[in-house]
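Novice:
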Amino acid sequence: MDINNIKGVGPEKAKKLINAGYSTVESIAFSSPRDLSMDSGIPEETARQIITSAKMVVRSKENTKGGKLVEILSGKDAKKILGSMDHITTGLKRLDHILGGGIETCAVTEFYGPAKAGKTQICHQLCVTVQLPKERGGLEAPALYIDTERTMKYEHIKSVAERFGLDPDLVSDNVFYAYAMNSEALYEIVHKNLDEVVQNRGIKLVVVDCLTGHFRAEYCGRESLPARQQKINRIIHDLLRIAVSQDLAVVATNQVHAQPDLYGKSENPIGGHTVAHGVTFRLGLSTRKYNMRIVTVVDAPALPPDDAYFAITSRGLIDITAKDLSSKEPVKFSEGLEMEEKEVEKVEEAETIID
Ligand SMILES: Nc1ncnc2c1ncn2[C@@H]1O[C@H](COP(=O)(O)OP(=O)(O)OP(=O)(O)O)[C@@H](O)[C@H]1O
Ligand SMILES: [Mg+2]
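In the numbering used here, the protein residues as written are 404 to 758.
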């Protein structure tokens, strides 16, 4: 949809809006007059009118689920729309179960955890599973991987694709890639380029791996904290705006820092309240013996906290049970090994055998 269709947007304003990263009607409809004005240089009152007109264009389209959130809805309609969001399977039965079906679209999902916890591995797996047919839990759509750590491995994407019975070359070709070498580059990609790229390419999963790493390295000291938080906040805000307006899922990873407390030290995700309030779903990862990991749904709008266990293998992540956690060797990938329904529903108490 061309932004020239918005009443009051002529070629000159269209150019300003596109240069500022607003290249779709949806992203304009979901922006605030202040942001739109500050980003594009268009006066705030004019920006307000443009947003109103953009909302009318979005309303007139029978398109995305997120697009319907542009107006005030009756409880009945809201329930229908919010309850019908698409999900992307994680490829892990138990994790899908505790997430209410997988990674939700029109939302930002955060995976945080220490080094080697499996954050990047999960992101790789999702770049494959988003391409699965709908009946297998995918969205038959490409992914975009925004990489801040240079840890993307196309060979691994191919191995995971093979495991899911997909064509490795086709799948890896459908993972778009952007390298953000510093926090400013990450901000530019999200703020200026993302909207157009996801719409033109039909992308349904945007990965940011890692959201906070550059900020942590670049903004040192207490005095730079407000500026850092403001920038992170703006990135999350933009990611959510694009997720909702384009009906796609955003997955962002986050690091942790150790915090001394009464009981020794605990590991808290970076970004404090800004990230905690900004993301829709929050999942924590922790390492166990060998290739085994625990993932916990820490915060989700209508889901209770819960755990799932998995193992990292060369063919991607696989479900494991609490019993496997006491294994004397790494869990191996094994074709056709499906988790039983009762294990998906209920995770056994593992506290006694972990660590
Ligand atoms: N084929 C494999 N089999 C078993 N374990 C593997 C395999 N490939 C990678 N791993 C393990 O996965 C872990 C790396 O996971 P990942 O890169 O996802 O961590 P991360 O949470 O992204 O860490 P970081 O914060 O450093 O980016 C390492 O412990 C590595 O040994
Ligand atoms: Mg990583």
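Note that beta-carbon positions come from the ideal geometry of N, C-alpha and C, so glycine has one too.
(1) Are the CB atoms of S689 and G516 within a distance shorter than 9 Å?
(2) Going straight from the alpha carbon of C623 to that of G681, what length do you get?
(3) Note down the Cα distance separating Q534 from E448, rounded to an integer number of angstroms.
(4) Grab me the residues of H527's own chain with a C-beta within less than 8 Å of its C-beta, minus the 5 sequence neighbours each way, in chain order.
(5) Report the rounded CA-to-CA distance for I453 versus T427, giving the unit in angstroms.
(6) Any residue with its Cβ nearer than 7 Å to a heavy atom of ligand 2 should be included. What is that list in chain order?
(7) Applying the criterion that 16 or more other CB atoms from any shown protein chain within 10 Å of the CB defines a buried residue, is Y548 buried or exposed?
(8) Just verifying my parser: in three-state terms, what is the DSSP assignment at L589?
(9) Would you check if the stretch 572-587 and the stretch 641-649 touch, i.e. whether three or more CB-CB distances between them fall below 8 Å?
(10) Under 9 Å between C-beta atoms, does T532 make it to chain B?
(11) Are the CB atoms of I606 and A544 nearer to each other than 9 Å?
(12) Is it the case that the CB of F407 approaches a heavy atom of ligand 1 more closely than 8 Å?
(13) Which of helix, strand or coil does DSSP assign to V653?
(14) How many whole angstroms separate the CB atoms of V659 and P672, which I take to be in contact at a CB cut-off of 8 Å?
(15) Given the structure, does Q452 come close to ligand 1, in the sense that its CB is under 8 Å from one of the ligand's heavy atoms?
(16) Determine the closest residue to L651 out of D598, H676 and C613, with distance taken between C-alpha atoms.
(17) Could you have a look at E738 and say whether DSSP puts it in helix, strand or coil?
(18) In chain order, what residues of the same chain lie with their CB nearer than 7 Å to the CB of G541, ignoring the 5 residues before and after it?
(19) Keeping to the same chain, check which residues put their C-beta closer than 8 Å to that of L628; ignore five residues upstream and five downstream.
Specialist: By the coordinates alone:
(1) For the purposes of this step, residue 516 is taken as residue 113 along the sequence shown, with counting starting at 1. For the purposes of this step, residue 689 is taken as residue 286 along the sequence shown, with counting starting at 1. Yes, the Cβ-Cβ distance between G516 and S689 is below 9 Å.
(2) Position 220 of the sequence shown, counting from 1, holds the residue named residue 623. Position 278 of the sequence shown, counting from 1, holds the residue named residue 681. Going from the Cα of C623 to the Cα of G681 covers about 22 Å.
(3) For this step, residue 534 is matched to residue 131 along the sequence shown. For this step, residue 448 is matched to residue 45 along the sequence shown. Taking the straight line joining both Cα atoms gives about 42 Å.
(4) On the sequence shown, residue 527 is found 124 positions in, with the first residue counted as 1. Here the set comprises M555, K556, H559, I560, V563 and G719.
(5) Translated into the one-based positions of the sequence shown, residue 453 becomes position 50. Translated into the one-based positions of the sequence shown, residue 427 becomes position 24. Computed Cα separation, rounded: 12 Å.
(6) K522, T523, E552, T554, D612, C613 and T656
(7) Locating residue 548 in the sequence shown gives position 145, where the first residue counts as 1. Looking at its Cβ environment, which holds 16 or more other Cβ atoms inside 10 Å, Y548 is buried.
(8) Here the question's residue 589 lines up with position 186 in the sequence shown. Correct three-state label for L589: helix.
(9) no
(10) Looking for chain B here will not work: only one protein chain is present.
(11) For the purposes of this step, residue 606 is taken as residue 203 along the sequence shown, with counting starting at 1. For the purposes of this step, residue 544 is taken as residue 141 along the sequence shown, with counting starting at 1. Yes, Cβ-Cβ distance for I606 and A544 is below 9 Å.
(12) Residue mapping note: residue 407 aligns to position 4 of the sequence shown, counting from 1. The sequence shown places Asn at residue 407, rather than the Phe named in the question. Answer for N407: no, Cβ out of range of ligand 1.
(13) Along the sequence shown, one-based indexing puts residue 653 at 250. V653: strand per DSSP, three-state reduction.
(14) One-based indexing of the sequence shown puts residue 659 at position 256. One-based indexing of the sequence shown puts residue 672 at position 269. Sure, about 5 Å apart at Cβ, within 8 Å.
(15) In the sequence shown, counting from the first residue as 1, residue 452 sits at position 49. Q452 Cβ: outside cutoff for every heavy atom of ligand 1.
(16) Mapped onto the sequence shown, residue 651 falls at position 248. Cα-wise, what sits closest to L651 is D598.
(17) Mapped onto the sequence shown, residue 738 falls at position 335. Note: E738 maps to coil in three-state DSSP.
(18) Here residue 541 refers to the residue found at position 138 of the sequence shown. Answer for G541: I491, T492, T532, V533, Q534 and L535, listed in chain order.
(19) Translated into the one-based positions of the sequence shown, residue 628 becomes position 225. The residues are Y622.
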